[in-house]
Every structure is written in C-alpha cells, then in structure tokens.
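A.B. asks: Residue numbers (the working numbering), protein chains in the order written: chain A, 8 to 160; chain B, 8 to 160.
There are 2 protein chains.
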Amino acid sequence: MGDTLLYLEDLQPGQHFVTATYTVTEAEIFSFAREFDPQPFHLDDAAARHTIFGGLVGSGWHTAALTMRLLVQSGPPVAGGILGVGGEITWSAPMRPGDTLHVESEVIEITPSRSRPERGIARLRNDTRNQRGETVQTFVARIIVLRRPASRA
Amino acid sequence: MGDTLLYLEDLQPGQHFVTATYTVTEAEIFSFAREFDPQPFHLDDAAARHTIFGGLVGSGWHTAALTMRLLVQSGPPVAGGILGVGGEITWSAPMRPGDTLHVESEVIEITPSRSRPERGIARLRNDTRNQRGETVQTFVARIIVLRRPASRA
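#1: Is the distance from the Cβ of R149 (chain B) to the Cβ of I128 (chain B) below 7 Å?
#2: If we ignore side chains and look at the alpha-carbon of each, how far apart do R76 (chain B) and S158 (chain A) end up?
#3: How would you list, in chain order, the residues of chain A whose beta-carbon sits under 8 Å from the beta-carbon of I89 (chain B)?
#4: List the residues of chain A that F43 (chain B) touches, going by C-beta distances under 8 Å, in chain order.
#5: Find out if the Cβ-Cβ distance for the pair I59 (chain B), G93 (chain A) is shorter than 7 Å.
#6: Helix, strand or coil, according to DSSP, for S112 (chain B) in the structure here?
#7: I want to see whether chain A comes within less than 7 Å of E97 (chain B), judged by CB atoms only; does it?
#8: Using a Cβ cut-off of 7 Å, pull out every chain B residue sitting near G67 (chain A), in sequence order please.
#9: Once the 5 residues before and after W98 (chain A) are set aside, which same chain residues still bring their CB inside 6 Å of it?
#10: Any beta carbon of chain B sitting closer than 7 Å to that of V79 (chain A)?
#11: Could you tell me which of A:L90, A:V110, A:E141, A:Q138 sits nearest to V152 (chain A), measuring between CA atoms?
#12: Using the beta-carbon of each residue, which ones in chain B are nearer than 7 Å to G94 (chain A)?
#13: Roughly how many angstroms lie between the CA atoms of D51 (chain A) and E125 (chain B), to the nearest whole one?
#14: Just to confirm, are T32 (chain B) and T107 (chain B) a CB contact at a threshold of 7 Å?
#15: Just to confirm the assignment, what range does the alpha helix (DSSP H) spanning H23 (chain B) have?
#16: Could you check what DSSP says for P47 (chain A) in three-state terms: helix, strand or coil?
#17: CA-CA distance, L18 (chain B) and G140 (chain A)?
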C-alpha cells in the first residue's frame, strides 16, 4: 500500500488493501454498549447466555466503528480522507471479547462525478474478519474520492 | 408506543415510531472521533474549515451509534431487543456540534422465517433528523423479531 496518497485516478476495480489487526476486549465491548447500545447481550455475559447469541457479543455499531478506525489508520491512503456517503452493512457473525479483527478492502467500482469534476465516488467492499477468518461484518461503502489536482498531475 | 413489547405479529407495514431527542456536544464528537474515526474534519474545527464540510462534523458512525441509543431507549419496544442483521445506511447531511437528533421509524416489510418458525425479519426505515428537520442519516435496517410465544398468545 505504501504512503502515497490515492486519488480517484489511482483506484481501479480489483485493487486490494489489508489493514493492521486490532484485538477488542470485554471492557471495550461493555463501554461501547453502555454508551451507545445498552442491551443485555452487549452488557452482561450471564444475561447474554439466555439470548440467541449464547454469550456476550459486541454491538454491530462497535464492529463498524472499529472497522472505521482500522481503515483510517491502516487502510487505503485515500487523499482527503475516508469520506463515506453510505453503503450496505451486513453483520454475518458476532464480534466476541478477545476477537482480533482486520479489514480486507476491494475496490468494486469508480464513478466520476458529472456535476463536480474534482471528485468521484468509489465503491469499496470492506470485509471485517476475525482471527479464524470468519467475516463478522461486510460494509460495501460509497466514498467520495478527490481527483488529482491539475497542478500535481 | 406504550410499554407493551412488540412481537412479529404486532408489526405491520406503515407503523410509525418516534424517539426522544438527544443533543450532541462538540466534546462528544471529539471523543468519538479520537477513539474510532481520527480524521481532521472530526477532530479539529480549524482544520475542518478547509475540508468539503466547511467546519467540524461528527463521524457518520457516531451518528449511527447515537441513532442506535435513541432506538434502544425510546424506539419501538421490540421483544428480545433490537437485533440488526444489516441494512442500507445513507448519510445525507453532516451531524454538527449542538445538533438535537431524534429518530423516526417506519415498518416497511415483515418476512416470517421459513426455517425458524419462532422468528422473522422486519425491515425498518429509520430517519435520523436534526432540529431543523433535516435528515442526517437514513438506515433501512433488517432486524430479527421474535414471534409471540405460544403460551402467551
């Protein structure tokens, strides 16, 4: 991946990026859930055993937030930052305490803007995987990407 | 809405729910960004003025997390909790410091599970709006909803 900033012209379908890893703790799962998703299966291991998860799991939004941090810190070095306008998110397996996550990204599609010549939209598929290779989250994102400024072309 | 728990049989397309409100502070926007989305437009008002946002904005994932808290605390009282399996998220306007958010939800579709007779999937459109009525986020969620247990039917 290197440190060179990526502009719209540098992205093409099929490109792959892999982030660093991050291990989430039970304390972090509790902390996020208390603040943003206070439900028993995210807050209390004993209570979570009686739910469909069979034990404590992280909030899907916690998975999403950790995915974003991995992308910002060690994902594709998109010029101007990672500016999402939306996407399709799927939580296919729970994130559990002690899971070590990483994100694998693939460029799906590039669409130059017709109204804003200085930018375009990239579709990126971001699979967040745990230490067993299981996909815990897929986020097919639409992000704004700047074109390379003419003076630096 | 009341306090009565909602089972799959209680939901039908067109039902509406409205949450309480929540006002997000600049300190909360900084705190979330430092932990999960450390980019200049979420971390530094002066730096954010030179980005496409023209000033500090909250992370889209912060909007999503605050939306979840509003739904859990004052949204539709779904039996068994709000268990998302995924959905389509769109950030149509930035969340800025001092914004007062609420969530308006509408049931879109109910699909009983064929393999798991005790549950089904509801599609819920959740519009997160600010104090000016602008939609900052739309999340069309797919959530697991339990059928009413036979003993309580």
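We put the CB at the ideal spot given by N, CA and C, even for glycine. Values in this document were obtained by computation on a predicted structure and should not be read as measured data.
C.D. replies: Judging by the given coordinates:
#1: In the second sequence, residue 149 (chain B) corresponds to position 142, counting from 1. In the second sequence, residue 128 (chain B) corresponds to position 121, counting from 1. At the C-beta level, R149 (chain B) and I128 (chain B) come within 7 Å of one another.
#2: As a working mapping, residue 76 (chain B) is identified with position 69 in the second sequence. As a working mapping, residue 158 (chain A) is identified with position 151 in the first sequence. Cα to Cα, R76 (chain B) sits roughly 46 Å from S158 (chain A).
#3: Residue numbering aside, residue 89 (chain B) sits at position 82 when the second sequence is read from its first letter. Ordered by position in chain A, the residues that pass the 8 Å Cβ test against I89 (chain B) are Q46.
#4: The sequence position of residue 43 (chain B) within the second sequence is 36, counting from 1. Chain A residues near F43 (chain B): A72, L73, M75, R76.
#5: Mapped onto the second sequence, residue 59 (chain B) falls at position 52. Mapped onto the first sequence, residue 93 (chain A) falls at position 86. Contact: no.
#6: The residue labelled residue 112 (chain B) in the question sits at position 105 within the second sequence. Looking at S112 (chain B) - three-state DSSP - the assignment turns out to be strand.
#7: Working through the second sequence from its first residue, we reach residue 97 (chain B) at position 90. First, the amino acid is wrong: residue 97 (chain B) is Thr here, not Glu. Residue-level contact check: T97 (chain B) touches chain A, since one or more beta carbons of chain A fall below 7 Å from its beta carbon.
#8: As a position in the first sequence, residue 67 (chain A) is number 60, starting the count at 1. Those within 7 Å of G67 (chain A) in chain B are G91.
#9: Stepping through the first sequence from its first residue, residue 98 (chain A) is reached at position 91. Short of 6 Å from the beta carbon of W98 (chain A), and not among the five residues preceding or following it, lie these beta carbons of its own chain, in chain order: G67, Q144.
#10: Counting from 1 along the first sequence, the entry for residue 79 (chain A) is found at position 72. Yes, contact with chain B.
#11: Indexing the first sequence from 1 puts residue 152 (chain A) at position 145. That would be A:L90, whose Cα lies nearest to the Cα of V152 (chain A).
#12: Reading the first sequence from its first residue, position 87 is the one you call residue 94 (chain A). Those within 7 Å of G94 (chain A) in chain B are I96.
#13: Locating residue 51 (chain A) in the first sequence gives position 44, where the first residue counts as 1. Locating residue 125 (chain B) in the second sequence gives position 118, where the first residue counts as 1. Taking C-alpha positions only, D51 (chain A) is separated from E125 (chain B) by approximately 24 Å.
#14: If you number the second sequence from 1, residue 32 (chain B) lands on position 25. If you number the second sequence from 1, residue 107 (chain B) lands on position 100. By the CB criterion at 7 Å, T32 (chain B) and T107 (chain B) fall outside the cutoff.
#15: In the second sequence, the residue the question calls residue 23 (chain B) occupies position 16. Here H23 (chain B) belongs to no alpha helix (DSSP H); instead the beta strand (DSSP E) covers 23-25.
#16: By 1-based counting over the first sequence, the position of residue 47 (chain A) is 40. In this structure, P47 (chain A) counts as helix in the three-state DSSP scheme.
#17: For this step, residue 18 (chain B) is matched to residue 11 along the second sequence. For this step, residue 140 (chain A) is matched to residue 133 along the first sequence. Each residue's alpha carbon lies about 37 Å from the other.
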